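See below for the structure under consideration.
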Amino acid sequence: MFEELKRRLFRWQSDGIAPLKLSQRRIYILPTRAGLLFAVMLLAMLTGAINYNLALGHALVFLLFGLAMSGLVHTFRNLYGLSIAPGRCIPCYAGEQAIFPLLLANDSDRPRPTLRLRANKANEAAQCSLAPHETRSVQIGIQATHRGWLALPRVRLETVYPLGLFVAWSYLQPEMRVLVYPRPEITPLPPEAAIHAAGEYRGDVGQEDFSGFRPRQPADPLRHVAWKASARLGGSDTLLVKQFSGGAASDLCLDWLATPDHASAEQRIAWLAGWVVAAAAERRRFSLRLPGHEIPTDEGDGQMHRCLEALALFEP
Amino acid sequence: MKFRNSSPPLAYGDFPWVFAGALATTLPHAGHQPLWVTAMAASLFLWAFLRWQKQAAPPVRWLLVALVVAVCGAVLLQYRTLFGRDAGVALLVLFSALKLLELKTRRDAVAAVTLGYFLLLTHYFDAQGIPTAIGLLVAATLLTATLIRIHGGPLLKPLPTLRFAAVLMVQAVPFMLVLYLLFPRISGPLWGLPQDAHAGRSGLSDQMAPGSIANLAMSGEIAFRVRFPGRPPERNRLYWRGPVLDSYDGKNWRALPPMGGAPQLTFRSPALAYESTVEPHGRRWLLALDAPGALPSNFGLSSTLTATIREPLIQRQRFSLSAHLEYAFNVEEDQRVRERNLQLPARTNPQARALAESWRQALPDPAQRIDKALALFANGGFAYTLTPPLLGEQPMDDFLFSTKRGFCEHFASAFVFLMRASGIPARVVTGYQGGELNPVDKFLVVRQSDAHAWAEVWLAEKGWVRVDPTAVVSPERIGEGITAALPEGEPLPAAIQLRSDWLRDVRFRWEAMNNAWNQYVLGYNTERQRDLLSRMGFPDADWRNLAALLAAACATLFILVAAWAVLQRPRRDPVQRLWDIALHRLRRSGVNSAPWETPNHLLNRVEAELPQWAPAFTEVVSAYLDARYGPGPADLNRLRAAVARLPRWRTL
Numbered sequence: 012m013f014e015e016l017k018r019r020l021f022r023w024q025s026d027g028i029a030p031l032k033l034s035q036r037r038i039y040i041l042p043t044r045a046g047l048l049f050a051v052m053l054l055a056m057l058t059g060a061i062n063y064n065l066a067l068g069h070a071l072v073f074l075l076f077g078l079a080m081s082g083l084v085h086t087f088r089n090l091y092g093l094s095i096a097p098g099r100c101i102p103c104y105a106g107e108q109a110i111f112p113l114l115l116a117n118d119s120d121r122p123r124p125t126l127r128l129r130a131n132k133a134n135e136a137a138q139c140s141l142a143p144h145e146t147r148s149v150q151i152g153i154q155a156t157h158r159g160w161l162a163l164p165r166v167r168l169e170t171v172y173p174l175g176l177f178v179a180w181s182y183l184q185p186e187m188r189v190l191v192y193p194r195p196e197i198t199p200l201p202p203e204a205a206i207h208a209a210g211e212y213r214g215d216v217g218q219e220d221f222s223g224f225r226p227r228q229p230a231d232p233l234r235h236v237a238w239k240a241s242a243r244l245g246g247s248d249t250l251l252v253k254q255f256s257g258g259a260a261s262d263l264c265l266d267w268l269a270t271p272d273h274a275s276a277e278q279r280i281a282w283l284a285g286w287v288v289a290a291a292a293e294r295r296r297f298s299l300r301l302p303g304h305e306i307p308t309d310e311g312d313g314q315m316h317r318c319l320e321a322l323a324l325f326e327p
Numbered sequence: 003m004k005f006r007n008s009s010p011p012l013a014y015g016d017f018p019w020v021f022a023g024a025l026a027t028t029l030p031h032a033g034h035q036p037l038w039v040t041a042m043a044a045s046l047f048l049w050a051f052l053r054w055q056k057q058a059a060p061p062v063r064w065l066l067v068a069l070v071v072a073v074c075g076a077v078l079l080q081y082r083t084l085f086g087r088d089a090g091v092a093l094l095v096l097f098s099a100l101k102l103l104e105l106k107t108r109r110d111a112v113a114a115v116t117l118g119y120f121l122l123l124t125h126y127f128d129a130q131g132i133p134t135a136i137g138l139l140v141a142a143t144l145l146t147a148t149l150i151r152i153h154g155g156p157l158l159k160p161l162p163t164l165r166f167a168a169v170l171m172v173q174a175v176p177f178m179l180v181l182y183l184l185f186p187r188i189s190g191p192l193w194g195l196p197q198d199a200h201a202g203r204s205g206l207s208d209q210m211a212p213g214s215i216a217n218l219a220m221s222g223e224i225a226f227r228v229r230f231p232g233r234p235p236e237r238n239r240l241y242w243r244g245p246v247l248d249s250y251d252g253k254n255w256r257a258l259p260p261m262g263g264a265p266q267l268t269f270r271s272p273a274l275a276y277e278s279t280v281e282p283h284g285r286r287w288l289l290a291l292d293a294p295g296a297l298p299s300n301f302g303l304s305s306t307l308t309a310t311i312r313e314p315l316i317q318r319q320r321f322s323l324s325a326h327l328e329y330a331f332n333v334e335e336d337q338r339v340r341e342r343n344l345q346l347p348a349r350t351n352p353q354a355r356a357l358a359e360s361w362r363q364a365l366p367d368p369a370q371r372i373d374k375a376l377a378l379f380a381n382g383g384f385a386y387t388l389t390p391p392l393l394g395e396q397p398m399d400d401f402l403f404s405t406k407r408g409f410c411e412h413f414a415s416a417f418v419f420l421m422r423a424s425g426i427p428a429r430v431v432t433g434y435q436g437g438e439l440n441p442v443d444k445f446l447v448v449r450q451s452d453a454h455a456w457a458e459v460w461l462a463e464k465g466w467v468r469v470d471p472t473a474v475v476s477p478e479r480i481g482e483g484i485t486a487a488l489p490e491g492e493p494l495p496a497a498i499q500l501r502s503d504w505l506r507d508v509r510f511r512w513e514a515m516n517n518a519w520n521q522y523v524l525g526y527n528t529e530r531q532r533d534l535l536s537r538m539g540f541p542d543a544d545w546r547n548l549a550a551l552l553a554a555a556c557a558t559l560f561i562l563v564a565a566w567a568v569l570q571r572p573r574r575d576p577v578q579r580l581w582d583i584a585l586h587r588l589r590r591s592g593v594n595s596a597p598w599e600t601p602n603h604l605l606n607r608v609e610a611e612l613p614q615w616a617p618a619f620t621e622v623v624s625a626y627l628d629a630r631y632g633p634g635p636a637d638l639n640r641l642r643a644a645v646a647r648l649p650r651w652r653t654l
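Quick look at the structure:
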């Protein structure tokens with residue numbers, strides 16, 4: 012069984028552009044609640060037709076039975092031969108919906124209306140209709156709760172078209188995963204002073220030009236607190252941190268060690284992710300230093316994604 | 003609270019479909035149900051329609067519950083029950099309208115459509131003819147289209163949806179045929195039918211008043227249809243016996259309770275087999291051809307030779323019967339029966355009695371008296387008419403001596419009166435006489451207008467002998483039928499008055515079609531099923547064989563339909579197909595092409611890897627690109643020729 016599963020997964024991985032074609036082995040079909048109601052109604056009608064000796068009543072019951080049978084075949088046909096290929100997944104942040112695009116390709120001459128895809132019961136089903144020879148991307152959203160790789164669970168693809176008396180379904184298990192970045196905790200960038208490694212060639216520029224105070228954020232180490240200024244606020248809970256300007260042009264080194272070490276690892280990763288996002292938003296050049304892993308200084312979206320990926324997969 | 007399996011809301015555009023389906027299934031009942039049901043259903047429909055137009059929410063729950071209670075109460079008041087045929091139909095119609103009112107989710111719509119399918123069945127209570135069948139087929143297609151629409155999304159256009167529904171119905175037909183032929187037929191009701199199951203029918207009754215048969219003769223309705231294996235006998239020998247009336251009270255003739263044993267018959271001509279399909283008349287008589295031969299065990303033969311069945315005939319039914327046209331009936335008759343058939347009310351019709359008495363004095367032989375009476379009718383200035391003058395207190399005297407105009411019942415009853423008065427046991431026999439051969443399907447059609455009354459007299463050593471005085475007055479009535487017998491201007495119904503034009507031909511065809519429908523579709527019953535099965539090679543199939551056969555047939559059909567669905571290949575672009583053949587041949591020779599590779603890129607590789615193919619493949623690429631992207635219609639022949647020039651197998 013494991014071998015079988017692996018083979019299937021392997022096919023998905025190795026042959027990404029070759030779509031999976033739904034064959035009769037993968038399609039299951041059962042009556043729906045409406046179908047059961049229909050069956051009960053047919054029995055009642057048959058009883059009536061026999062009791063009142065209605066010849067055409069018999070014919071009507073038999074015609075409706077045939078209708079259900081032909082509806083069954085058409086429901087089956089709505090899935091049969093449908094091609095499904097995994098699409099390209101885009102990373103997301105924890106707390107967001109991870110989007111898994113599946114490419115549904117209809118290469119037959121008839122439409123395939125109302126196909127519903129659902130990863131699990133809790134999630135809302137995605138629905139789509141395919142015109143003849145149409146390919147469409149259907150996005151399955153799954154709530155991303157933790158950073159790291161999020162694999163697409165088993166997807167149920169179902170349809171009740173055309174009569175709603177039968178539901179045909181198939182389970183898809185494409186090897187698809189989305190990288191979930193840590194949820195960034197937006198916090199001001201750390202003062203340059205905390206970034207010792209960056210000072211090698213830039214010096215402590217920026218740290219000299221005092222520009223004012225700002226309220227302390229949890230990511231600021233206690234030793235940066237301006238105690239006197241804070242005391243002047245008169246016993247309120249807010250602590251102030253000195254803010255320095257002039258760092259705009261300088262390189263940042265976002266260091267694991269610069270985050271308060273009493274915080275949990277996940278919290279520290281969240282702060283680092285927040286810094287990465289903020290630094291990228293300010294178009295700064297920055298590097299990321301994690302225990303045992305370092306991403307050299309660079310800038311732009313590419314650098315941001317590299318750093319976020321490192322944070323997503325970092326195991327402290 | 004949200005239900006776990008909550009159904010999606012119904013799209014705005016789906017409502018008209020559900021509405022149309024409900025209308026198509028309830029509207030035909032408007033003619034049969036009480037006016038208030040129609041009015042109530044119509045106002046609910048209107049309310050539902052307005053609600054949809056304003057896109058308002060359905061009425062609150064308590065109001066709906068109140069409406070349901072009101073509907074049930076009203077039906078209960080009208081019919082005194084909630085079950086039974088008519089009450090059930092009225093309830094279904096009203097619930098169907100109520101369902102529209104609370105239409106909100108897809109599940110509601112499915113329930114409404116299911117109700118509609120059920121309502122279709124109830125239309126067959128009223129009629130099972132060809133027009134009903136076609137009308138209901140259309141309604142069923144509409145309901146199916148509604149189902150497709152509510153499950154297929156609002157993008158489906160109306161016409162393709164209807165067409166698809168029709169395709170589904172057509173695919174259902176083979177299943178229907180197989181089940182119709184092979185499903186074990188259970189005859190008779192499963193439980194006692196309610197009182198209202200069968201409404202009153204027209205036809206003969208067990209008494210005869212002046213004018214009662216004339217009234218019946220005004221109807222062109224079909225009473226029964228007969229098929230003889232060969233040529234039907236002469237028209238004037240076709241006497242279909244109904245009730246025999248042996249008591250006269252001065253005005254009406256009535257049937258008395260049977261007396262005497264089973265009839266003693268001596269047949270003087272061979273049996274003539276025939277098959278009769280009798281329309282329901284609500285009585286027990288079979289209207290068999292005189293004299294009935296051996297009858298199946300579940301039929302009876304009264305002491306007056308009337309063939310009967312156990313239960314009143316409430317369904318159209320087919321009987322296999324036989325008759326002997328020459329026969330002697332009760333040569334030895336019970337004394338009491340003979341006396342009973344001499345009874346006349348005292349002190350009535352003195353003139354007629356005097357005439358009969360004079361015959362008895364002058365003519366000792368009863369046969370002579372009969373001839374004398376017939377001669378009186380033939381030469382006494384009597385006329386045959388549907389609209390005879392009214393008769394007074396002494397009806398026989400009035401008729402015989404002054405008005406002299408009458409219909410068959412006048413002649414028959416006057417003749418029987420004269421016979422009894424002259425001492426010959428005699429009685430009135432009612433039934434049908436004649437019939438019209440439909441040249442299309444060779445069925446002999448007997449209508450209500452063929453209703454007839456004749457006389458029967460008992461003669462020693464001969465038994466009961468039929469005497470038809472009408473035949474003397476109007477030989478055309480017996481020889482050709484009522485249309486020929488009646489003078490112009492008589493108020494006959496249009497249906498039977500068609501004398502000889504194309505309308506008559508149309509009527510023959512239409513009736514033949516209806517008859518075929520009745521015989522082969524509606525009349526398919528247990529016997530026909532057994533007959534079919536034995537011809538298929540299952541001589542004595544019980545329900546177990548039948549079920550197995552049915553399952554096998556259904557499974558075969560299902561596999562056929564499924565195979566059709568699975569094996570259907572999409573139509574491919576011919577240009578693409580030819581190009582794929584070319585690629586396939588390349589692959590055989592070792593040049594694999596990637597899906598993203600352009601034809602020209604592939605050509606470059608072929609030139610490098612398989613140079614001997616390059617000239618042929620250059621032409622293929624050129625023709626392919628021209629067909630695919632060039633102006634004008636694709637030149638398939640050029641591409642086909644180019645592909646054909648590619649070597650089939652690997653060439654060295």
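Those protein sequence lines, which keep their order, are chains A and B.
Residue numbering for the first sequence follows the working numbering, starting at 12 and increasing by one per position.
Residue numbering for the second sequence follows the working numbering, starting at 3 and increasing by one per position.
Where a beta carbon is used, it is the ideal one built from N, C-alpha and C, also for glycine.
Since the model is a prediction, treat every value here as computed from it, not as a measurement.
- Identification of chain A residues near Ile150(B) by a Cβ-Cβ cut-off of 8 Å yields Tyr172, Pro173, Leu174, ordered along the chain.
- DSSP, read as helix, strand or coil, puts Arg36(A) in coil.
- In this structure, the straight-line span from the alpha carbon of Thr310(B) to that of Ala26(B) is close to 42 Å.
- In terms of Cα proximity to Pro271(A), the closest of Val236(A), Ala79(A), Ala290(A) is Val236(A).
- Under DSSP, Tyr434(B) forms a beta bridge with Trp242(B), Ala453(B).
- Contact between the region 176–189 of chain A and the region 37–44 of chain A is present: three or more C-beta pairs spanning the two stretches fall below 8 Å.
- In the DSSP assignment, Ile153(A) is bridged to Ala109(A).
- Residue environment for Lys101(B): buried (at least 16 other C-beta atoms within 10 angstroms of its C-beta).
- Remark: C-beta atoms of Ala281(A) and Pro164(A) do not approach each other more closely than 8 Å.
- In this structure, DSSP gives Trp180(A) an extended state, which the three-state scheme calls strand.
- Not a single C-beta of chain A is nearer than 8 Å to the C-beta of Tyr14(B).
- Using a CB distance cut-off of 8 Å, Arg296(A) does not count as an interface residue toward chain B.
- Separation of the CB atoms of Leu420(B) and Ala462(B) is rounded to 19 Å, and the pair is thereby denied contact status at 8 Å.
- Taking a C-beta distance under 8 Å as the contact criterion, Leu74(A) and Tyr126(B) do not qualify as a contact pair.
- For His304(A), the secondary structure class from DSSP, reduced to helix, strand or coil, is strand.
- Just so you know, the alpha carbons of Leu218(B) and Asp452(B) end up roughly 9 Å apart.
- Contact check between the region 419–438 of chain B and the region 352–372 of chain B: three or more CB pairs, one atom from each, fall below 8 Å, which counts as touching.
- Looking at the DSSP output, Gly408(B) sits in a beta bridge with Tyr386(B).
- If the five residues before and after Asp443(B) are omitted, its C-beta is found closer than 8 Å to the C-beta atoms of Ala514, Asn517, Ala518, all from its own chain and listed in chain order.
- Distance between Tyr241(B) and Ala72(B), taken at the CA atoms: about 56 Å.
- Considering only beta carbons, the part of the region 518–536 of chain B lying closer than 7 Å to chain A consists of Val523, Leu524, Tyr526, in chain order.
- Exposure of Met538(B) is indicated by the presence of fewer than 16 other C-beta atoms within 10 angstroms of its C-beta.
- Going by DSSP, Trp598(B) is part of no beta strand (DSSP E) at all; its letter is neither H nor E.
- Not a single C-beta of chain B is nearer than 8 Å to the C-beta of Asn134(A).
- With fewer than 16 neighbouring CB atoms inside 10 Å of its own CB, Ala554(B) falls in the exposed class.
- Annotation: Trp267(A) to Gln184(A) spans about 37 Å, alpha carbon to alpha carbon.
- About 19 Å separates the beta carbons of Glu482(B) and Arg468(B), which is beyond the 8 Å limit, so they are not a contact pair.
- Under DSSP, Ile152(B) forms no beta bridge with any residue.
- One finds Ala567 in chain B with Cβ atoms closer than 7 Å to the Cβ of Arg88(A), taken in chain order.
- Along the region 115–129 of chain B, going in chain order, the ones with a CB nearer than 7 Å to a CB of chain A are Thr116, Tyr119, Phe120, Leu122, Leu123, Tyr126, Phe127.
- Contact between Leu66(B) and Glu104(B) holds, with the beta-carbon distance rounding to 6 Å and staying under 8 Å.
- Using a CB distance cut-off of 8 Å, Leu47(A) does not count as an interface residue toward chain B.
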